Every structure is written in structure tokens, then in C-alpha cells.
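S.K.:
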Amino acid sequence: MYYYGNYYTYPTQSSFLQHQYYQPTNHDEYDVDRQQGQFQSFTRRINELERRVNQLNREVNQLQQTSERHTRRLNRLNQRLRVVEQRLHIPFSSQDEGF
Numbered sequence: 562m563y564y565y566g567n568y569y570t571y572p573t574q575s576s577f578l579q580h581q582y583y584q585p586t587n588h589d590e591y592d593v594d595r596q597q598g599q600f601q602s603f604t605r606r607i608n609e610l611e612r613r614v615n616q617l618n619r620e621v622n623q624l625q626q627t628s629e630r631h632t633r634r635l636n637r638l639n640q641r642l643r644v645v646e647q648r649l650h651i652p653f654s655s656q657d658e659g660f
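In terms of my numbering, the sequence shown opens at residue 562 and continues consecutively.
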């Protein structure tokens with residue numbers, strides 16, 4: 562036997578609908594007791610974001626220190642190169658295309 566009873570008839574739409582009407586609640590949406598979970602999740606998320614910001618700040622500081630160290634090393638190497646060029650009487654050209 563078919564679920565709908567008669568093979569030749571289709572079920573009416575009302576047999577599918579279960580009428581559930583909206584029942585307004587008397588809860589105050591700004592009630593502190595109801596929002597406690599939200600506050601906890603917000604504070605947890607804020608703490609996670611602060612940790613992430615601190616981690617990124619540390620990484621930025623490390624990269625900045627590395628960049629400064631490399632810049633100082635390049636400056637020293639350029640100074641040594643200038644000294645060698647002067648001793649060998651090689652004219653300095655800032656746009657030397659051979660290198």
C-alpha cells in the first residue's frame with residue numbers, strides 16, 4: 562500500500578504542513594544572564610586576537626632587526642668595496658652595467 566493511500570490522488574499541501582505559530586517569549590534580550598555565554602565567547606575571542614597581535618608584533622620586530630642587520634652588513638661591504646676600488650684605481654660608477 563502506498564503512503565498516501567490512493568495511488569491516483571496526490572496529497573494535499575495541507576497534509577505536509579504542520580502549523581507552528583510563533584510564540585513570543587517574555588525574555589528580555591538585554592538580560593545579562595542570557596548574554597553571559599556571549600560575553601565569555603567575546604572575551605575568549607578578544608584574548609585570542611590579542612595573543613595573535615602580540616605574536617605578529619614580535620615577528621615584525623624580529624624581521625625589522627634582521628633587515629637592519631643586513632643593511633649594516635651591506636653598508637660595510639660597500640665601504641670595503643670602495644676601498645678596494647680606490648686601491649686598484651677602478652673608477653666608481655653607480656650605474657655600472659657589468660655587475
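Cβ coordinates follow ideal geometry from the N, Cα and C atoms, glycine included.
Everything numeric in this text was worked out from a predicted model, so none of it was measured.
Quick check: what's the CA-CA separation for Ile-651 versus Arg-634?
M.R.: On the sequence shown, residue 651 is found 90 positions in, with the first residue counted as 1. On the sequence shown, residue 634 is found 73 positions in, with the first residue counted as 1. Whole-angstrom Cα-Cα distance: 22 Å.
S.K.: Out of curiosity, what's the CA-to-CA distance linking Leu-610 and Gln-626?
M.R.: Start at 1 with the first residue of the sequence shown, and residue 610 comes out as number 49. Start at 1 with the first residue of the sequence shown, and residue 626 comes out as number 65. Whole-angstrom Cα-Cα distance: 24 Å.
S.K.: Quick one: what does DSSP say Ile-651 is sitting in, helix, strand or coil?
M.R.: Taking the sequence shown and counting its residues from 1, the one referred to as residue 651 is at position 90. Coil.
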